[in-house]
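The numbering of the sequence shown is full-length UniProt numbering, which starts it at 1 and goes up by one.
Glycine included, C-beta positions come from ideal geometry on N, C-alpha and C.
The structure displayed is predicted, hence computed values, not measured ones.
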Amino acid sequence: MEKFTCGICVTNEHPKDISSFFYTINYNLVDELDNDVLYFHAYWNRERQTKLQKDYVVIDNIHGHGYYVGTFLALTALERYWWGEGEFKFYIDGDEQYPTISSTGTEDYFGGAWAFHQKDLYGRPSAKNYSTLFLGYPFHSNRDATRDRFETGKLNAVHAFGDDGLPRHGLYRWHLLDPIAFKENLKVTLQQIGNDDIQLFEREDDVSTVAYWYQNSAEGAMDPIPDRRARLPR
Numbered sequence: 001m002e003k004f005t006c007g008i009c010v011t012n013e014h015p016k017d018i019s020s021f022f023y024t025i026n027y028n029l030v031d032e033l034d035n036d037v038l039y040f041h042a043y044w045n046r047e048r049q050t051k052l053q054k055d056y057v058v059i060d061n062i063h064g065h066g067y068y069v070g071t072f073l074a075l076t077a078l079e080r081y082w083w084g085e086g087e088f089k090f091y092i093d094g095d096e097q098y099p100t101i102s103s104t105g106t107e108d109y110f111g112g113a114w115a116f117h118q119k120d121l122y123g124r125p126s127a128k129n130y131s132t133l134f135l136g137y138p139f140h141s142n143r144d145a146t147r148d149r150f151e152t153g154k155l156n157a158v159h160a161f162g163d164d165g166l167p168r169h170g171l172y173r174w175h176l177l178d179p180i181a182f183k184e185n186l187k188v189t190l191q192q193i194g195n196d197d198i199q200l201f202e203r204e205d206d207v208s209t210v211a212y213w214y215q216n217s218a219e220g221a222m223d224p225i226p227d228r229r230a231r232l233p234r
């Protein structure tokens, strides 16, 4: 496929206008690109409630050759206890029952261990956030901030329904130093496993992901992004 032009479109789906929008775009102009230059892809997916004993699908039906280069995971815990024992599985070039690559616990894939635990002065555990160049766990919150400045216009204003929220987590992993190559096809899934300090158990949580990869084709077998109501967090 010839490569002549590129376009970037930003759409505001909020019910109100945005007063300001700032951006920077970096690019290179070259006389000609080689025919074997790959296309960059990104795909967002979500299951508002995953199914017991069924792995969440990050991407599927990727055909051609290329490299998987990154994952962003946003998880809202719908059950008690630790949520991050599931394995990331990479089914490569015809894998069926067993994947070529399988991680250990979810937190291990993102560079953590032992449920990201740190302890306060009283020995109580909490999640430790961190960010590095290629992986991180930058976000965790049990607080609903959607009513901040609600009615009063003041930051952290008290409102009728309180600010308790479900536990939400954001994590990323960029495979820039260790890209996962595929020659024919690729499928990536995430196992839904937790731990209650006694044993592992199957979970159902609200999971969304963005997968990033390079591929020789500009087209992919992907569903369109759902409307904004389907993408709102819990």
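Quiz item: How is PHE116 classed by DSSP in three states: helix, strand or coil?
Solution: Along the sequence shown, read from residue 1 onward, the residue named residue 116 stands at position 116. Of the three classes helix, strand and coil, the one that applies to PHE116 here is helix, per DSSP.
Quiz prompt | Nearest-angstrom Cα separation, counted from GLY105 out to GLN118 | solution = Position 118 of the sequence shown, counting from 1, holds the residue named residue 118. Position 105 of the sequence shown, counting from 1, holds the residue named residue 105. Per the coordinates, the alpha-carbon of GLN118 lies some 18 Å from the alpha-carbon of GLY105.
Quiz item: Roughly how many angstroms lie between the CA atoms of VAL207 and MET222, to the nearest whole one?
Solution: Indexing the sequence shown from 1 puts residue 207 at position 207. Indexing the sequence shown from 1 puts residue 222 at position 222. The alpha-carbon atoms of VAL207 and MET222 are separated by roughly 18 Å.
Practice problem: Find out if the Cβ-Cβ distance for the pair HIS169, TYR137 is shorter than 9 Å. | Solution: Indexing the sequence shown from 1 puts residue 169 at position 169. Indexing the sequence shown from 1 puts residue 137 at position 137. At a Cβ-Cβ threshold of 9 Å, HIS169 and TYR137 count as neighbours.
Self-check item: Rounded straight-line distance, which links the Cα of GLU202 to that of ASP34
Solution: Counted from its first residue, the sequence shown places residue 34 at position 34. Counted from its first residue, the sequence shown places residue 202 at position 202. So the alpha carbons of these two residues sit roughly 47 Å apart.
Quiz prompt | Nearest-angstrom beta carbon gap, ASP93 and ASN185 [assumed within contact, 8 Å] | solution = For the purposes of this step, residue 185 is identified with residue 185 of the sequence shown, where counting begins at 1. For the purposes of this step, residue 93 is identified with residue 93 of the sequence shown, where counting begins at 1. Between the beta-carbon of ASN185 and that of ASP93 there is about 6 Å, and that keeps the pair under the 8 Å contact cut.
Quiz item: In three-state DSSP terms, what is GLU219?
Solution: Within the sequence shown, residue 219 is the residue found at index 219, counting from 1. GLU219 falls in the coil class under three-state DSSP.
Quiz item: Okay, do the segment 190 to 200 and the segment 47 to 61 touch, 3+ Cβ pairs below 8 Å being the bar?
Solution: Here the segment 190 to 200 makes contact with the segment 47 to 61; the two share three or more CB pairs at distances below 8 Å.
Self-check item: Rounded straight-line distance, which links the Cα of ASP196 to that of LEU166
Solution: What you label residue 166 is simply residue 166 of the sequence shown in a count that begins at 1. What you label residue 196 is simply residue 196 of the sequence shown in a count that begins at 1. So the two alpha carbons sit approximately 18 Å from each other.
Self-check item: Proximal residues to GLU204 (C-beta, below 8 Å), its chain only, five neighbours per side dropped
Solution: Reading the sequence shown from its first residue, position 204 is the one you call residue 204. GLN49, THR50, LYS51, LEU52, LEU78, GLU79, GLN192.
Quiz item: Can you tell me the Cα-Cα spacing of SER102 and PHE90, whole angstroms?
Solution: Translated into positions along the sequence shown, residue 102 becomes position 102. Translated into positions along the sequence shown, residue 90 becomes position 90. Straight-line Cα distance between these residues: approximately 6 Å.
Quiz item: Once you ignore the five residues that flank residue 260 on each side, which residues in its own chain have a CB closer than 6 Å to its CB?
Solution: In this structure the chain extends from 1 to 234, so residue 260 is not present and cannot be described.
Quiz item: For ALA42, which beta-bridge partners are listed by DSSP?
Solution: Residue 42 sits at position 42 when you count from the first residue of the sequence shown. Its beta-bridge partners are TYR212.
Exercise. Mind reading off the beta-carbon distance from LEU38 to GLN199? Whole number of angstroms is fine, and I expect it under 8 Å.
Key: Position 38 of the sequence shown, counted from the start, is the residue given in the question as residue 38. Position 199 of the sequence shown, counted from the start, is the residue given in the question as residue 199. About 43 Å separates the two Cβ atoms, so there is no contact after all.
Practice problem: Tell me whether PHE110 is buried or exposed, calling it buried when 16 or more other Cβ atoms sit within 10 Å of its Cβ. | Solution: Within the sequence shown, residue 110 is the residue found at index 110, counting from 1. Residue burial annotation: PHE110 is buried, with at least 16 other C-beta atoms found within 10 angstroms of its C-beta.
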